[in-house]
Each structure stands twice: as structure tokens, then as C-alpha cells.
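One line per chain: the protein sequences are B and F, in this order. Residues in the first sequence are numbered from 0 upward in steps of one, following numbering that gives the first Met the number 0. Residues in the second sequence are numbered from 0 upward in steps of one, following numbering that gives the first Met the number 0.
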Amino acid sequence: MKDLLKALPWIGPAVALIAAVVLFPIGLMLWNSTRDITQSGLDDGGVGLANFAAVVGFQYFWPILGRTVVWVVVVVACTLFGSLALAALLNKAFPGRRLVRMAVIVPWAASVVMTTLVVHYGLEPYFGIINSFLVDIGLIDTPEGYGWTRHAGTAFAWAMAVAVFVSLPFTTYTILAGLQTVPGETVEAARIDGASGVRTYFSVVLPQLRSAVSVAVLINIINVFNSLPILRVMTGSIPGYDADTVMTMIFKYMQNQRQIDLASALSVIAFLVVIGIVAIYVRVVRPLEEV
Amino acid sequence: MAQYKRLGGIMAITLAATTGLTACGFGGSGGGEESGDGTTLDLLVPSYSDATQGLWNDVIAGFEEENPDVQVNLQVESWDNLESVIATRIQGGDAPDIYNGGPFAGFAEDELLYPVDEVTSDETYASFQPSFLDNAQVDGTTYGLPWIASSRALFVNDALLEEAGAEVPATWDELLESAKKVSELGGGVAGYGMPLGSEEAQAEAAVWLWGGGGSFGDAEAITIDTPENLEGAEFIKKMIDEGATQADAGATDRSPLFDIFVQGKIGMQIGLPPSVGQIESDNPDLEYSIHPIPTKDGEPFTLGVADHLMAFKNDGDKQEAITSFFDYLYTADVYVPWVQAEGFLPTTLSASEQLADDEALAPFLEGLPDAQFYPSTNPDWNAADSAFKALFGQLGGDKSAQDVLTEIQARVDEG
Chain B
0 MKDLLKALPW
10 IGPAVALIAA
20 VVLFPIGLML
30 WNSTRDITQS
40 GLDDGGVGLA
50 NFAAVVGFQY
60 FWPILGRTVV
70 WVVVVVACTL
80 FGSLALAALL
90 NKAFPGRRLV
100 RMAVIVPWAA
110 SVVMTTLVVH
120 YGLEPYFGII
130 NSFLVDIGLI
140 DTPEGYGWTR
150 HAGTAFAWAM
160 AVAVFVSLPF
170 TTYTILAGLQ
180 TVPGETVEAA
190 RIDGASGVRT
200 YFSVVLPQLR
210 SAVSVAVLIN
220 IINVFNSLPI
230 LRVMTGSIPG
240 YDADTVMTMI
250 FKYMQNQRQI
260 DLASALSVIA
270 FLVVIGIVAI
280 YVRVVRPLEE
290 V
Chain F
0 MAQYKRLGGI
10 MAITLAATTG
20 LTACGFGGSG
30 GGEESGDGTT
40 LDLLVPSYSD
50 ATQGLWNDVI
60 AGFEEENPDV
70 QVNLQVESWD
80 NLESVIATRI
90 QGGDAPDIYN
100 GGPFAGFAED
110 ELLYPVDEVT
120 SDETYASFQP
130 SFLDNAQVDG
140 TTYGLPWIAS
150 SRALFVNDAL
160 LEEAGAEVPA
170 TWDELLESAK
180 KVSELGGGVA
190 GYGMPLGSEE
200 AQAEAAVWLW
210 GGGGSFGDAE
220 AITIDTPENL
230 EGAEFIKKMI
240 DEGATQADAG
250 ATDRSPLFDI
260 FVQGKIGMQI
270 GLPPSVGQIE
280 SDNPDLEYSI
290 HPIPTKDGEP
300 FTLGVADHLM
310 AFKNDGDKQE
320 AITSFFDYLY
330 TADVYVPWVQ
340 AEGFLPTTLS
350 ASEQLADDEA
360 LAPFLEGLPD
370 AQFYPSTNPD
380 WNAADSAFKA
390 LFGQLGGDKS
400 AQDVLTEIQA
410 RVDEG
């Protein structure tokens with residue numbers, strides 16, 4: 000107890016910061032999710048769990064939740080495999096490697112909204128360059144192109160592609176950092192024992208990447224689950240709820256329907272889902288333990 | 000390692016907590032500090048164009064010169080953000096004193112607004128067009144000051160119609176026929192531009208459903224799922240199915256589609272007064288003309304939209320300052336240039352007369368007597384509006400017109 004008091008001046012600012020930017024918003028979100036808030040923002044009193052019942056009872060809730068799972072699994076998996084390959088490449092010595100390594104950072108450094116908008120405009124019928132290209136090489140017969148972002152399926156697929164694109168740099172660099180900690184002797188020993196390149200990679204290098212990969216996956220899961228801008232831009236004009244994830248649905252509650260109470264309730268659900276996923280992941284993979 | 004673990008835990012929680020941050024929408028911005036002597040008015044307005052901020056700054060400068068004891072703070076937001084900003088500010092107990100927006104009935108119902116006659120002089124109040132005032136009332140009390148208005152008309156690409164040998168339509172059947180002829184020109188040309196995407200689906204819906212004799216209801220009840228409305232919705236489907244429109248009508252937003260019209264690839268599309276200016280600046284060579292909106296049987300009709308100014312009560316101590324601001328704002332020398340610069344229609348009688356010989360606005364001003372408005376005084380209109388934006392575009396898909404209307408009505412009834 001005495002130690003704690005002594006430590007307080009040092010940890011105080013950090014505790015205050017966490018309370019202000021993490022605990023307070025969470026508390027407010029929980030509070031709002033149990034209130035009846037009018038469209039103009041007035042609090043009309045508590046309603047218990049009615050907001051949660053309304054959100055879960057919404058006829059598209061389960062499809063949206065399922066789509067969120069697909070979104071997270073596909074994006075994270077593609078990102079991971081892409082990054083493993085890319086990191087292996089960037090770990091080899093070749094002329095111009097430094098330039099290539101820098102180029103990989105670009106999607107990370109650019110604003111996500113900007114990157115998505117570039118792709119979105121490229122996909123527009125009539126003037127998008129991706130559409131023009133596909134028309135020119137004869138893959139699309141309609142002269143104005145295909146409305147990629149006008150159909151739930153294709154818009155969602157393109158959104159996933161953009162999400163993988165912007166997630167690659169961080170993941171690649173995490174794995175690259177891991178690759179550089181793999182001792183050269185282990186690889187050399189494998190080679191002397193006559194192991195092929197593929198065998199060396201899967202049996203010697205990959206196991207040593209375990210902690211790098213598992214941390215990268217953990218952070219990606221949280222990031223991708225909470226990603227709004229890409230889907231918002233790519234699927235924003237699609238009517239109905241056939242391309243929504245939990246995040247875009249929260250946004251629709253808040254922005255379009257101005258139901259802050261329902262948006263908060265769905266946020267709480269999303270928050271619990273993320274915590275659940277992370278808890279299970281940490282439990283099963285134990286990413287933060289030594290190999 | 001233990002330390003690393005804790006760090007990882009904190010990181011995970013922090014990242015996960017962004018969910019909370021994005022969703023709770025808390026954080027009223029400041030800007031309401033009172034100056035020592037006199038009153039400060041907070042003004043929250045949307046951006047109609049790149050010029051909006053400058054126009055307001057001019058108004059405020061002129062006003063402050065005449066009323067040195069009142070200071071006006073201006074906050075300009077995009078239309079996309081406007082409604083969440085106002086909701087957040089009200090929730091944070093920091094409502095602006097004067098707000099320029101669309102729907103006001105929800106605020107009136109929450110008793111946040113001054114009745115208009117308490118914050119304007121009798122002269123200013125009497126200068127509004129009666130039809131606009133009727134549209135700004137809740138239970139007989141006016142809560143919104145009609146600010147600027149727009150009506151719709153059919154923009155026709157004369158060159159395309161001539162090439163296709165099509166007539167300018169007055170009824171739906173003629174529209175279908177003309178649009179199909181234009182579509183058959185090929186080369187990516189579409190006959191009729193039908194934007195049912197989320198941006199402004201409610202407007203295209205009104206043009207069709209009301210043009211067939213339907214309505215969205217009145218101040219007492221929102222009625223979407225009616226036989227009259229169904230007729231319009233089914234004709235929309237017919238237009239799409241017979242290839243008279245551009246592809247993917249259900250998910251096409253209005254502004255980008257009108258860009259295509261300006262580029263000369265669309266035969267006919269519904270446009271607004273500012274569309275005239277857009278064509279003039281982007282493609283002055285476009286051969287086009289403006290016509291009344293085709294309806295089922297050719298009856299004249301247009302969709303009118305008025306944006307309103309409203310005065311929030313807050314602490315109730317700024318009534319006088321607000322009154323002097325509104326009276327200044329609606330004097331012809333201030334009001335007419337403002338409306339003209341933004342390319343919209345005025346809501347006062349005197350300004351309408353003054354602008355009557357403006358060639359670009361004439362077709363729209365003509366339509367105003369037949370204008371019908373959204374039932375925006377009904378508190379449920381907000382729900383209906385968002386339901387149209389979210390669901391009406393499904394007409395472009397496999398859903399039947401009946402199912403779409405039923406779904407929208409159900410959403411409205413939920414509130």
C-alpha cells in the first residue's frame with residue numbers, strides 16, 4: 000500500500016490519461032446504450048436493455064454479424080499470407096531492396112480514406128480508369144463499364160482487397176522484424192542436414208516467427224474488425240443492409256437514423272465481441288509467450 | 000516478458016476501445032464563451048457550396064457593424080456532418096443559438112426552439128410566402144424561418160433527344176418511350192438518370208410517387224405504403240427493367256450521376272436550380288433545356304424543399320439579439336444577394352418578385368405554386384427520410400415494389 004502511494008506521482012498521469020481516453024468513453028458508451036435518446040440528442044431516461052433487444056432483433060443483425068466474421072477472417076488471412084511472402088522476399092538481399100522496402104510502406108503512409116477513394120473512383124462507371132481499362136481490353140461489354148461499387152457482393156470484395164492492401168505494410172514489417180531475429184546458424188544447420196528450401200522455411204524459420212506472426216494477427220484482427228472508412232466509402236451507396244458489417248451498421252444508426260442509443264448498444268456488442276475474440280485468441284495462441 | 004505482456008494487454012484494450020470512441024459521439028466543441036459586454040450568438044450552418052462561408056462572413060460583418068454589442072460566432076459544417084454535430088451539441092448542453100438545417104419538428108417537439116414570431120419583427124414575419132410558412136409549422140406554431148428553397152425540374156439533353164428522334168415528355172408513358180429511344184443510341188448513353196442511391200433517394204422517390212398522385216402523409220401520419228405510392232414505385236421498376244435508365248439505378252447517388260448528365264451521356268434527369276450553374280461552369284456547350292417534371296397524367300407538380308433557420312432557446316437570454324439578427328438577415332439587400340449567390344430560390348415575397356426576371360431561375364420559380372413539400376413537420380419524417388435513403392434503392396434489385404414500400408413503412412412505424 001505504501002509502495003503504491005509512493006508510485007502514484009509517477010503512474011498518476013498515465014492512469015489519468017487511460018481514465019480519460021479509455022475508461023470514460025467506455026463508461027459513457029455503456030451509459031448511452033441503456034438510455035432513450037431522442038433524435039435531437041436529448042436524454043429521455045433509462046430503458047434498461049431495450050436498446051440491445053432492438054439491435055439484436057433487427058432482421059439483418061445476424062447476417063451483418065456473419066458478414067463481419069467473413070470480413071475479419073478473409074482480410075486477416077489474406078494479409079497474413081501476403082505479408083509472409085512479401086517479408087520473405089524483402090529479407091533476401093537483392094539490388095534495390097531498400098527502395099522496394101520503402102515502396103511497401105506507401106500504402107501505410109497514405110491516408111486510408113484517400114487510398115479507398117482512389118480505388119472507388121477507379122471503379123466508377125463512365126469515367127473510372129479501372130472500368131475503362133476492363134472495357135478497353137474487352138472484359139466488359141457495356142461501354143460505360145460495370146458498377147462494381149453498386150452491387151453488394153463486388154463492392155464488399157473490393158473493400159476486402161483495399162483492406163488487405165492497407166494492412167500489408169504493418170504486417171510485413173512486423174514479420175520482417177521477426178525474420179531478422181531468426182539466427183543464421185539454424186538455417187545453415189538445416190541446409191547442412193540436406194533440408195530443401197521449402198522444408199527449411201516451414202520447419203525452421205516459420206516456427207521461430209511464431210511470436211511476430213501472432214502479435215501481428217492479434218493487432219490486425221482488432222484493426223480490421225473496427226475498420227469503418229474502407230467499407231463506408233466502397234459500399235456507402237448500396238441500398239439495404241447486404242454489404243454492412245457491425246461497424247458500418249453502428250455508423251448507419253448514428254448518422255442516418257440518428258439513433259445514438261441504438262448505435263451505443265451495438266457498439267457495446269461490438270466491443271464485447273472484440274474482447275471475446277481477443278480473449279479466445281490470447282488463450283489459444285498465447286502470442287505473448289516465449290516459444 | 001511480463002512487462003511486454005502488460006503492454007500488449009493495454010494495447011489490445013486501447014485498440015478495442017476505439018469502438019467506444021467512434022460510437023459514443025461525445026465531445027461538444029466549445030465556442031460559446033460569453034464576451035464581457037454584450038451578447039454572443041452561436042451560428043451553426045451547413046455548407047451549400049464553397050462560397051457559403053464567405054457569404055456568411057459578409058453577413059456577420061455587416062450585422063456586427065450595425066449592432067456592435069452583439070458578436071456572432073460562425074461554425075460551418077458539411078451536410079454530411081451537420082445533423083450529428085447538432086445532435087452532439089444539444090446532448091452536450093451546448094446548442095447553437097441559430098441553426099440552419101432541414102427538419103425542425105424534432106427540435107420543436109423537444110421544446111428547444113423559439114416560436115418564430117418571438118424572434119422576428121412583424122414585418123419580417125409577414126414577408127414570407129404563405130406556402131412556406133405553412134410548411135414550417137408544428138400544431139399551428141411556426142418554428143422554422145424559411146431560408147432558402149429549391150424546386151425540381153426535368154433537365155433534358157436536347158442533342159441526345161434529337162439524335163434519338165424522341166420528344167420531350169410530359170407524362171410517364173412518354174417519358175418511358177423517349178428514354179428508351181435515347182438508351183438505344185448505345186455507347187453508354189442512358190435515357191433517364193434515376194438516382195435511387197442513399198444520397199437523396201427520398202427526392203427521386205417523391206418525384207415519382209407524388210407524380211402518380213401519392214403522398215408521404217402529413218403532420219399527423221406518415222403514409223408510405225399506399226396504393227397511390229405503389230403505382231409510382233412500380234413505374235420506377237418498369238423504367239429500370241425496360242432499360243430506360245442507367246445501370247444500377249438502385250445504388251447510384253444523385254451528384255455523381257448529374258456529373259454524367261453534364262458530360263452529355265444522359266438524356267433526361269431531374270435537377271435543381273444550382274444545376275444550371277454547374278452546367279455553365281463545367282460544360283457550357285451542353286445543349287439542354289429545362290421542363291416541368293413528367294407526371295402520370297401530365298398534371299404540373301414539383302417537389303419543393305425549404306431549408307429553415309431556427310432559434311434555440313438555450314438559457315433564454317438572447318431573444319433580442321436573435322431578433323435583430325434575423326431582421327437584419329431578411330432585409331432585401333442582405334437576403335437577395337445571398338440567395339442569388341448560392342443559386343437557390345428565395346422564400347420571401349419581395350425577393351421572389353425581385354428575382355422573377357432571372358432567366359435561369361424562372362422555370363423553377365414558375366413551379367413553386369404547384370410545389371409539394373416533404374411532411375417534415377411530422378416528427379416521424381426523420382425516420383421516413385432515413386428509411387428512404389437506406390431502403391428505397393432496393394427497387395433496383397430483386398425486391399418487389401410492394402415489399403420495398405412495406406419495409407419503409409414498417410421502419411417509419413417503429414419510429
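C-beta atoms are modelled at their ideal positions from N, C-alpha and C, and glycine is treated no differently.
- Burial is judged here by how many other beta carbons sit within 10 angstroms of a residue's own beta carbon; residue 30/B has fewer than 16 and is exposed.
- Look at residue 82/F: its C-beta is under 9 Å from a C-beta on chain B.
- Identification of chain F residues near residue 124/B by a Cβ-Cβ cut-off of 7 Å yields 246, ordered along the chain.
- Sequence-distant partners of residue 202/B (beyond 5 residues in either direction) whose C-beta falls short of 6 Å from its own C-beta are missing from its chain.
- Taking 9 Å as the cut-off, the Cβ atoms of residue 371/F and residue 232/F do not count as close.
- In the DSSP annotation of this structure, the continuous segment of the beta strand (DSSP E) that includes residue 306/F starts and ends at 301-310.
- When the Cα atoms are used, residue 260/B and residue 50/B turn out to be separated by approximately 7 Å.
- Counting C-beta pairs with one atom in each stretch, the segment 327-336 of chain F and the segment 228-244 of chain F have fewer than three that are closer than 8 Å, which means they do not touch.
- Burial state of residue 5/B is exposed, judged by a 10 Å Cβ sphere holding fewer than 16 other Cβ atoms.
- Judged by DSSP in its simplified three-state form, residue 143/B adopts coil rather than helix or strand.
- For residue 270/F, the closest alpha carbon among the candidates 282/F, 284/F, 281/F, 302/F is that of 302/F.
- When secondary structure is reduced to three states using DSSP, residue 37/F falls in the coil class, being assigned neither helix nor strand.
- A contact between stretches requires three or more CB pairs, one per stretch, nearer than 8 Å, and the segment 167-180 of chain B meets this requirement with the segment 213-220 of chain B.
- Taking residue 274/F as the centre and dropping the five residues before and after it, the same chain places the C-beta of 154, 257 closer than 7 Å to its C-beta, in chain order.
- Chain-ordered, the chain B residues with CB closer than 9 Å to the CB of residue 197/F read 235, 236, 237, 238, 255.
- With distances taken between CA atoms, residue 61/B lies nearest to 268/B out of 268/B, 274/B, 275/B, 278/B.
- Remark: C-beta atoms of residue 98/F and residue 311/F approach each other more closely than 9 Å.
- Shown in chain order are the members of the segment 136-149 of chain B whose Cβ falls below 9 Å from a Cβ of chain F: 141, 142, 143, 144, 145, 146, 148, 149.
- Within the same chain, Cβ atoms closer than 8 Å to the Cβ of residue 355/F are found at 361, 364, the five residues on either side in sequence being excluded.
- By the criterion of a C-beta distance shorter than 7 Å, residue 208/F is surrounded in its chain by 228, 231, 232, once the five residues flanking it on both sides are discounted.
- Per DSSP, reduced to three states, the secondary structure at residue 47/F is coil, with no helix or strand assignment.
- Here residue 385/F is near residue 256/B, since their CB atoms are less than 9 Å apart.
- The closest CA to that of residue 296/F, considering only 210/F, 307/F, 373/F, is found on 210/F.
- Residue 94/F sits away from residue 381/F, with the two beta carbons spaced by 9 Å or more.
- Between the segment 68-75 of chain B and the segment 150-163 of chain B, the count of C-beta pairs closer than 8 Å reaches three or more; the two stretches touch.
- Contact between residue 307/F and residue 100/F holds: CB atoms are separated by about 7 Å, below the 8 Å threshold.
- Bridge pairing for residue 290/F: 153/F [DSSP].
- Within the segment 128-160 of chain F, no residue places its CB atom closer than 9 Å to a CB of chain B.
- When DSSP states are grouped into helix, strand and coil, residue 72/F belongs to the strand group.
- Between the beta-carbon of residue 333/F and that of residue 350/F there is about 11 Å, and that puts the pair past the 8 Å contact cut.
- Residues of the segment 88-101 of chain F that bring their beta carbon within less than 9 Å of a beta carbon in chain B comprise 88, 89, 90, 91, 94, in sequence order.
- Nearest C-alpha to residue 74/F among 338/F, 85/F, 379/F, 373/F: 85/F.
- In this structure the segment 184-204 of chain F touches the segment 129-147 of chain B; the number of beta carbon pairs closer than 8 Å is three or more.
- Under a 10 Å Cβ-count criterion, residue 201/F is classified as buried, with 16 or more other Cβ atoms of the shown protein chains found around its own Cβ.
- Secondary structure in the segment 61-127 of chain F: the beta strand (DSSP E) runs of 3 residues or longer, each lying completely within the stretch, are 69-76, 97-100 in chain order.
- Chain B has a Cβ within less than 9 Å of the Cβ of residue 249/F.
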